[in-house]
Amino acid sequence: MDKSTAGGLGGGWALIALAIILGGVGFGPYVDVPSVVIVIGGTIAVTAAQFESSDLKRIMPAFKVALNEVKVEPLPELVEKIVFYATEIKKHGVMQIEQKVLQETNPFFREAFQLLVDGTKADVLQPLMELKLEHMEKRHSTMISIFGNIGGTAGAMGMIGTLVGLVAMLANLSDPAAVGPAMAVALLTTLYGALLGTLFAGIAESKLSQKHSKEATACEVIIHGATMIAAEESIGNIKMQLNSILVEVVE
Numbered sequence: 328m329d330k331s332t333a334g335g336l337g338g339g340w341a342l343i344a345l346a347i348i349l350g351g352v353g354f355g356p357y358v359d360v361p362s363v364v365i366v367i368g369g370t371i372a373v374t375a376a377q378f379e380s381s382d383l384k385r386i387m388p389a390f391k392v393a394l395n396e397v398k399v400e401p402l403p404e405l406v407e408k409i410v411f412y413a414t415e416i417k418k419h420g421v422m423q424i425e426q427k428v429l430q431e432t433n434p435f436f437r438e439a440f441q442l443l444v445d446g447t448k449a450d451v452l453q454p455l456m457e458l459k460l461e462h463m464e465k466r467h468s469t470m471i472s473i474f475g476n477i478g479g480t481a482g483a484m485g486m487i488g489t490l491v492g493l494v495a496m497l498a499n500l501s502d503p504a505a506v507g508p509a510m511a512v513a514l515l516t517t518l519y520g521a522l523l524g525t526l527f528a529g530i531a532e533s534k535l536s537q538k539h540s541k542e543a544t545a546c547e548v549i550i551h552g553a554t555m556i557a558a559e560e561s562i563g564n565i566k567m568q569l570n571s572i573l574v575e576v577v578e
């Protein structure tokens, strides 16, 4: 798990636990099975109804990606590597880079430059890699959307639970013993919904979105660089155009 996620997630739950402890009543009153059933069960049911089973199977792997540190090559280093490959090709020919390309750990980079090794022309290479990027973006956007929906659904189920609890409370105003449990359902479902939406789904959605943005930008740089190499652009032009992308990203 990367440090910022660990610190934020752990700190958020720790502060809530501290607030409960300082409240002086312990954790017991904050545990309510009907509230858990409404929020957790309801969120799972609604999410299952909204998405395909093939996408639902990817929720936990995607959550692990959201929590863990994903190493994306910094853009300046990526540009330097592309310029290096372009220089090697200009000096010694495209076969000079074949072994180095096979050792690349980034599959998108490896595939783009393997196309160069295979002699693929620019007008073929660019649409092929752009199509690959498009499919990647669709996969990522689906998972980001799922976590966004989980967050919204959890909040909605919390409100539904609150209404259920209020109805039960109003129906039993003449029975003081029944008012307390009904009020607990009303309040705790809202709490559970907010916690699930904020400290689970919200964090996952934000992290996945940020990581997708970085990866997509890196892929765009790779496509642009590989296409210019295939089009036999000058080293100076390749370097200038790729560096201009870096400036745009920074700004």
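Quick note on the working numbering: the sequence shown kicks off at 328 and runs consecutively.
Virtual Cβ for every residue (Gly too), placed ideally from N, Cα, C.
Asked                                                                                                                                                                : Found
Go ahead and label Glu400 buried or exposed: buried means 16 or more other beta carbons lie within 10 angstroms of its beta carbon, across all protein chains shown. : buried
Flag this pair as yes or no: are the beta carbons of Thr489 and Ala513 separated by less than 9 angstroms?                                                           : yes
In the stretch 369-434, which residue ranges form an unbroken alpha helix (DSSP H) of at least 4 residues, counting only runs that do not cross its ends?            : 369-377, 380-383, 386-394, 402-419 and 425-429
Please classify Phe390: is it buried, with 16 or more other beta-carbons within 10 angstroms of its beta-carbon, or exposed?                                         : buried
How do the stretch 527-547 and the stretch 421-432 stand: do at least 3 beta-carbon pairs fall below 8 angstroms, yes or no?                                         : no
Could you check the C-alpha separation between Arg385 and Gln377 for me, to the nearest Å?                                                                           : 14 angstroms
Under 8 angstroms by Cβ, that's how I've got Leu526 and Leu336 pegged, so tell me the actual separation to the nearest angstrom.                                     : 7 angstroms
Using a Cβ-Cβ cutoff of less than 8 angstroms, which residues in the same chain neighbour Thr447 once the five nearest sequence positions on both sides are dropped? : Leu455 and Ala557
So for Glu560, helix, strand or coil by DSSP?                                                                                                                        : coil
Within the continuous alpha helix (DSSP H) that includes Asp329, where are the two ends?                                                                             : Careful: Asp329 lies outside any alpha helix (DSSP H) and carries neither H nor E.
How is Leu500 classed by DSSP in three states: helix, strand or coil?                                                                                                : coil
So for Gly446, helix, strand or coil by DSSP?                                                                                                                        : coil
Taking DSSP as the reference, what is the three-state secondary structure of Phe440?                                                                                 : helix
I'd like the list of long-range same chain contacts for Gly529, defined as Cβ closer than 6 angstroms, with 5 residues on each side in sequence excluded.            : Gly478
What are the start and end residues of the alpha helix (DSSP H) that includes Pro361?                                                                                : Val360 to Val363
Quick one: what's got a C-beta closer than 7 angstroms to Phe354's C-beta in the same chain, skipping five residues either side?                                     : Ile347
Using CA coordinates, which residue listed in Val494, Lys408, Trp340 and Ala333 is at the minimum distance from Ala521?                                              : Trp340
Rounded to a whole number of angstroms, what is the C-alpha to C-alpha distance between Asp445 and Ala413?                                                           : 15 angstroms
Taking contact to mean at least 3 C-beta pairs separated by less than 8 angstroms, is the stretch 542-556 in contact with the stretch 433-444?                       : yes
Glu464 to Val366, Cα distance in whole Å?                                                                                                                            : 30 angstroms
Val352 by DSSP, collapsed to three states: which one?                                                                                                                : coil
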